Amino acid sequence: MAIQRLGIIMNGVTGRMGMNQHLIRSIVAIRAQGGVALANGDRVMPDPILIGRNADKIAALAKAHGIERWGTDLDKALANKDDTLFFDAATTQMRPGLLAKAIHAGKDIYCEKPVATNLKEATDIYHLAKAKGIKHGVVQDKLFLPGLMKLRMLRDAGFFGRMLSVRGEFGYWVFEGDLQPAQRPSWNYRSEDGGGMILDMVCHWRYVLDNLFGEVKSVSCLGATHIPERFDEAGKKYQATADDAAYATFELVAPDGSPVIAQINMSWTTRVRRDDLVTFHVDGTHGSAVAGLTDCRSQARVNTPKPVWNPDVKQPFNFFDHWQPVPEYTTFDNGFKVQWEMFIRHLAEGTPFKWNLLEGAKGVQLVECALQSSKERRWVDVPALAA
Ligand SMILES: NC(=O)c1ccc[n+]([C@@H]2O[C@H](COP(=O)([O-])OP(=O)(O)OC[C@H]3O[C@@H](n4cnc5c(N)ncnc54)[C@H](O)[C@@H]3O)[C@@H](O)[C@H]2O)c1
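Once you know that position 105 of the sequence shown is 97 in our numbering, the rest is easy, because the numbers rise by one and skip nothing.
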């Protein structure tokens, strides 16, 4: 058994996602468990160098997590031939430029979504990666959530029969920043800084819909900016120029060719009264299921209660009683870490890895179609993206 070193240049790790999900919950956790095991018994040990603008901040972060290497000079880091993977979780707007630079330096690529703020940049970066022959991956974390993995198992077991429809509810109240600090960065509410609900979330819905329910063929979307003014990290009032909610309907085609209708409400201006911060309710001819981040509950055709509409009588059923939890059929790890491990195996032993820059570009494509739909107040078809 040998230990193979993987030198990773990690950019944007002082941010919310970079620090919590990618550095601490993924790379530091993989190092603590002794690396990623390969089929031949070898292990791959990530050896990250953390790159950021603020030396004090990045040095403190490295020290806190037992990482020896850090720096403020990305070009210098890219010049080191021993670090072969570039990872980015910094701003969406800067991402395609940074990825291009890293690809030209011969690095493999792994990055957060969205790959870019527009389809042209997203497809350009995919074609550049393909032309240079590097390996590439994009975070598609929702697919690795326990709730959605349980839902996938129901689908694979044929539980739903013919799938009819999916209703997704995503969101929670994001504080405006005056009464109490907002729990998301202020750039999320400024389109000039790469913010907006549609850009942030519709790229997730693309891979969730495509991979669990059916390929997305068409979208109708209405974006809204419900809260026009918010307060930033310094307590300063700013104009919210981006959409903070969107209401979308998608036409899908399931693998068996049958149509599926998906509706997804996404909002940072809603108060939660449902099982989780995101839920997907799937109805099929033979059964239904509701999945959240961790749990999934199902109701088969034979277990379906038979309500009768009668407004004169207080409802005798508690409809929440008629659902059965899908058991914890395995030990679920953090979804970001699971995807990192898959990508590291792909790098080290060439195992298949579907979630590449083309899949990332598909997410950005659906974002563009949804924005166009909202602007022009009409359905927009989603053409296939050429590989
Ligand atoms: N997969 C997911 O579920 C998920 C969730 C949230 C965000 N994201 C994505 O992750 C990325 C970061 O989002 P976040 O919420 O962590 O944001 P954040 O504001 O917390 O972090 C942004 C990071 O970028 C760095 N940065 C900002 N401006 C920079 C500049 N001019 N030059 C160099 N670095 C700069 C910051 O220092 C920080 O490290 C975004 O692309 C976002 O869309 C993904």
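Where a beta carbon is used, it is the ideal one built from N, C-alpha and C, also for glycine. In this text the structure is predicted, and so the values were computed from the model without any measurement.
Confirm, please, whether the CB-CB distance from Ala82 to Thr64 is below 7 angstroms.
Numbered from its first residue, the sequence shown carries residue 64 at position 72. Numbered from its first residue, the sequence shown carries residue 82 at position 90. No, they are not a contact pair.
Helix or strand or just coil, what does DSSP make of Glu243?
Residue numbering aside, residue 243 sits at position 251 when the sequence shown is read from its first letter. Reduced to three states, the DSSP call for Glu243 is strand.
Three or more C-beta pairs under 8 angstroms: does that hold for the region 87 to 105 against the region 131 to 150?
yes
Coarse secondary structure for Arg222, derived from DSSP in three states:
Walking along the sequence shown from the start, residue 222 turns up at place 230. Strand.
With contact counted as at least three CB pairs below 8 angstroms, one residue from each stretch, are the region 242 to 259 and the region 197 to 211 in contact?
yes
Quick one: grab the DSSP three-state call for Pro138.
Along the sequence shown, one-based indexing puts residue 138 at 146. In the structure shown, Pro138 sits in a helix (DSSP, three-state: H, G or I).
Cα separation between His273 and Leu156?
Numbered from its first residue, the sequence shown carries residue 273 at position 281. Numbered from its first residue, the sequence shown carries residue 156 at position 164. Cα-Cα distance, rounded: 11 angstroms.
Would you give the residue range spanned by the alpha helix (DSSP H) that Val194 belongs to?
Position 202 of the sequence shown holds residue 194. Taken as a continuous stretch (DSSP letters only), the alpha helix (DSSP H) holding Val194 covers 189 to 204.
Excluding the 5 residues preceding and the 5 following Glu60 in the sequence, name in chain order all residues of the same chain whose CB lies nearer than 8 angstroms to its CB.
Sequence index remark: in the sequence shown, residue 60 carries index 68 (1-based). Once the five neighbours on either side are set aside, the close Cβ partners of Glu60 are Ala54.
For a minimum of 4 consecutive residues, which ranges assigned as the alpha helix (DSSP H) are wholly contained in the region 335 to 377?
349 to 368
Thinking C-alpha only, which one of His119, Ala376, Arg293, Gly139 is nearest Val200?
Reading the sequence shown from its first residue, position 208 is the one you call residue 200. Considering only alpha carbons, the answer is Gly139.
Using the Cβ count rule (16 or more neighbours within 10 Å means buried), how would you classify His96?
Start at 1 with the first residue of the sequence shown, and residue 96 comes out as number 104. His96 is exposed by the Cβ-count criterion.
Own chain residues within Cβ distance below 6 angstroms of Gly410, not counting five before or after:
Residue 410 cannot be examined here, being either before or after the span of the chain that is shown, -7 to 379.
Look up Arg144 in the DSSP assignment and say whether it is helix, strand or coil.
Locating residue 144 in the sequence shown gives position 152, where the first residue counts as 1. Residue state, collapsed to three classes: helix.
Can you list, in chain order, the residues of its chain with a C-beta nearer than 7 angstroms to that of Gln364? Leave out the 5 residues immediately preceding and following it.
If you number the sequence shown from 1, residue 364 lands on position 372. Closer than 7 angstroms at Cβ, skipping near neighbours: Val372.
Between Thr64 and ligand 1, is the CB less than 6 angstroms from at least one heavy atom?
Locating residue 64 in the sequence shown gives position 72, counting from the first residue. No.
Which one of Asp236, Leu91, Val305 has the shortest CA to CA distance from Glu168?
If you number the sequence shown from 1, residue 168 lands on position 176. Cα-wise, what sits closest to Glu168 is Asp236.
Which residues mark the beginning and the end of the beta strand (DSSP E) in which Lys380 is found?
The displayed coordinates of the chain run from -7 to 379. Any statement about residue 380 would go beyond what the structure contains.
Sequence ranges, beta strand (DSSP E) only - wholly within the region 78 to 164, length at least 3
100 to 103, 128 to 130, 155 to 163
Is the beta carbon of Gly4 within less than 6 angstroms of some heavy atom of ligand 1?
Locating residue 4 in the sequence shown gives position 12, counting from the first residue. Answer for Gly4: yes, Cβ within range of ligand 1.
Closest Cα partner of Phe312 within the set Gln331, Ser280, Met334, Asn326:
Residue mapping note: residue 312 aligns to position 320 of the sequence shown, counting from 1. Residue Ser280 is the option with its Cα nearest to Phe312.
Tell me which residues share the same chain as Asp170 and place their Cβ nearer than 6 angstroms to its Cβ, disregarding the 5 neighbours each side in the sequence.
Taking the first residue of the sequence shown as position 1, residue 170 is located at position 178. Excluding positions up to five away in sequence, the list reads Phe223.
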